[in-house]
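Each remark here refers to the structure printed beneath this line.
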Amino acid sequence: MLNLKTTLALAVAASALVAAAPAMAQDTGATIGFIGGFTGPIESLTPPIFAGAELVVKQVNEQGGILGGELKLISADGACDATAAAAAADKLINTDNVTGVVGALCTGETIGAFNGSGLSGNVVFISPASSAPALTTLEDNDLVYRTTPSDALQGVKMADLLLAKGVKDIAITYVNNDYGKGFAEALTAAYTAGGGTVAASVAHEEGKADYRAELGNLVASQNLVILAYANASGNTILRQAVESGNFTTYVGGDGMVGDDLLSGIDAAAVEGLIATRAGAPSGGAVDIYNAFTSDGFVANATYAPQAYDAAFLLALAIEKNGSASRDGLSAALRDVSSAPGEKILPGEWTKAVELIKAGTDIDYEGAGGALDFDAAGDVDGIIVELAVEGGKFVEKGLIK
């Protein structure tokens with residue numbers, strides 16, 4: 000019979016093992032997480048983005064799985080909100096024991112999730128959509144990456160596009176968060192440097208029913224730039240701007256590119272609306288990825304290609320790392336995403352695994368183009384122009 004001291008010692012040891020369990024790697028297979036705004040201001044944009052990550056999991060498992068087992072994907076709602084994202088990350092990292100995270104989507108959401116549990120958990124995050132410049136300077140121990148270019152680039156390209164179209168003055172309203180502020184600052188700097196005039200720039204808070212006061216402060220220009228989210232303030236501001244009759248040209252950033260933007264708005268009134276978002280070069284890897292389009296998957300949906308790339312890269316890094324451990328994953332990610340190495344294209348999981356097992360360097364070229372991360376975890380990229388035509392967004396081409 001065990002004495003009391005022995006019993007207590009065994010109980011303590013058992014408790015320690017249970018507490019350590021979340022940090023222990025799986026013997027086979029791996030689990031990754033996805034954080035996105037399934038509710039909140041980008042809820043209409045999130046499902047197609049998530050579908051990009053889901054497709055990777057499907058392809059990996061159809062081609063033999065990862066680390067000799069199944070690749071699993073667990074999603075959590077970050078609601079495009081730092082506090083909600085921190086709770087989502089806590090569950091994924093400390094309860095579900097994910098190896099890495101695809102996400103989050105909104106920049107503040109990504110920062111909140113990472114600072115909440117990612118940094119302390121030594122977890123790699125790869126965001127497909129967090130575009131604010133604030134992510135570049137985040138203190139992250141080389142754990143946070145993104146597969147979309149910074150708004151430092153999108154702001155410049157939007158300015159170039161407007162100036163090329165002969166738009167000499169603009170009024171800007173931006174959602175008052177990291178995304179809106181960073182985008183507005185980049186656009187303003189580039190636009191004014193190019194000779195344009197920013198007649199007014201007004202921040203707005205998310206979730207209001209009436210933005211007429213803000214719009215009243217923007218009438219110094221008839222060209223209205225709205226940097227917000229499609230199914231939240233972006234829709235409300237655009238609808239009320241149309242109703243006011245004070246504006247003739249409408250412009251939106253990537254957060255505005257969603258079907259919900261035009262809900263309740265006379266399509267004819269916003270025909271020709273100009274928008275920008277991250278894009279991809281034509282040919283090669285991009286064409287291979289676009290061929291994955293099916294009845295249930297829209298390959299070129301906003302940020303779906305970048306989500307596919309984020310999930311594929313995360314899976315490659317896990318396979319390269321040789322275990323589902325979080326240790327060493329960041330270094331493995333840099334290995335599989337940059338030269339030198341044999342090119343791996345979208346869908347080429349079997350080929351990648353065979354090369355990794357043979358000790359051959361690989362270099363993933365993705366749906367969004369080449370993905371060589373810089374020291375901050377950022378990538379170069381391209382920005383494309385879209386326009387509303389016949390009540391739908393139509394991609395017009397690369398902004399040079």
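Following numbering that gives the first Met the number 0, the numbering of the sequence shown begins with 0 at its first residue and continues without gaps. Each residue gets a CB set at the ideal place from its N, CA and C atoms; glycine is no exception.
Rounded separation between residue i and residue j - CA only
i: ALA13; j: SER130; result: Because ALA13 carries a pLDDT of 39, less than 50, the predicted location of this residue cannot be relied on, and no value is offered for it.
i: GLU364; j: GLY51; result: 16 angstroms
i: ALA86; j: ILE361; result: 35 angstroms
i: PRO345; j: ALA284; result: 6 angstroms
i: ALA374; j: LEU72; result: 28 angstroms
i: GLY120; j: LYS180; result: 29 angstroms
i: ALA366; j: ASN289; result: 8 angstroms
i: ASN96; j: GLU270; result: 47 angstroms
i: SER337; j: ALA163; result: 34 angstroms
i: TYR190; j: LEU70; result: 45 angstroms
i: GLY53; j: ASN299; result: Looking at the sequence itself, residue 53 is Glu, so the reference to Gly does not match. If I take the Cα positions, the gap works out to 15 angstroms.
i: ALA268; j: ASP258; result: 16 angstroms
i: THR94; j: SER329; result: 21 angstroms
i: ALA133; j: ALA202; result: 17 angstroms
i: ALA279; j: TYR178; result: 21 angstroms
Residue(s) in a DSSP beta bridge with residue i
i: ILE382; result: ALA277
i: LYS342; result: ASP362
i: GLU388; result: LYS391
i: LEU226; result: TYR173
i: GLY32; result: ILE73, VAL100
Reference residue i; option with closest CA among the options
i: VAL123; options: PHE291, SER337, PHE33; result: PHE33
i: ARG211; options: ALA240, PRO46, GLN221, ALA227; result: ALA240
i: LEU91; options: GLY117, SER293, GLY67, ASP334; result: GLY117
i: VAL297; options: ILE273, LEU160, PHE49, ASP209; result: PHE49
i: ASP209; options: SER243, THR235, LEU217, ASN222; result: THR235
i: ASN245; options: SER220, VAL393, ALA199, ALA300; result: SER220
i: GLY358; options: ASN320, GLY107, LEU54; result: ASN320
i: THR247; options: ILE287, TYR190, VAL218; result: VAL218
i: ALA351; options: GLN62, ALA183, ALA103; result: GLN62
i: PHE311; options: LEU332, SER293, ALA192; result: LEU332
i: SER232; options: GLY206, ASP141, VAL256, GLY215; result: GLY206
i: ASP334; options: ILE355, THR196, GLU184; result: ILE355
i: TYR173; options: GLY263, LEU186, SER262, GLU353; result: LEU186
i: ASN230; options: LEU261, LEU142, GLU242, ALA183; result: LEU261
i: GLU388; options: VAL256, GLY327, ARG325; result: VAL256
i: GLY390; options: GLU242, LEU142, SER149, ASP265; result: ASP265
Cβ neighbours of residue i in the same chain (closer than 8 angstroms, five flanking residues each side left out)
i: ALA323; result: ALA24, GLN25, GLY28, ALA29, THR30, LEU66, THR98, ILE317
i: THR147; result: SER126, PRO127, ALA128, SER129, SER130, ALA277, TYR302, GLN305, GLY367, VAL378, GLY380
i: SER74; result: GLY32, PHE33, ILE34, GLY35, PHE37, PHE49
i: ALA386; result: GLY271, LEU272, ILE273, ALA274, PHE392, VAL393, LYS395
i: PRO339; result: ASP360, ASP362
is_contact[residue i, chain C] using C-beta, thresh 8 angstroms
i: LEU44; result: Absent from the structure: chain C. Only one protein chain is present.
Close-in-space but distant-in-sequence residues of the same chain around residue i (CB under 6 angstroms, 5 per side omitted)
i: ALA78; result: GLY36, THR38, GLY39
i: VAL224; result: ILE169, ILE171, VAL250
i: GLU204; result: ASN175
i: TYR144; result: ILE125, PHE372, GLY376
i: ALA83; result: GLY77
Cut-off 7 angstroms between Cβ atoms - residues of its own chain near residue i, not counting five sequence neighbours on either side
i: LYS399; result: none
i: LYS342; result: ASP362, GLU364
i: GLN58; result: GLY346, TRP348
i: VAL155; result: ALA185, ALA189
Segments of 4+ residues assigned as alpha helix (DSSP H) that fall wholly inside the region 192 to 238: Runs found: 211 to 215.
Continuous alpha helix (DSSP H) assignments of at least 4 residues falling wholly in the region 91 to 157: Counting only runs of 4 or more residues that sit fully inside the region 91 to 157, the alpha helix (DSSP H) segments are 106 to 112, in chain order.
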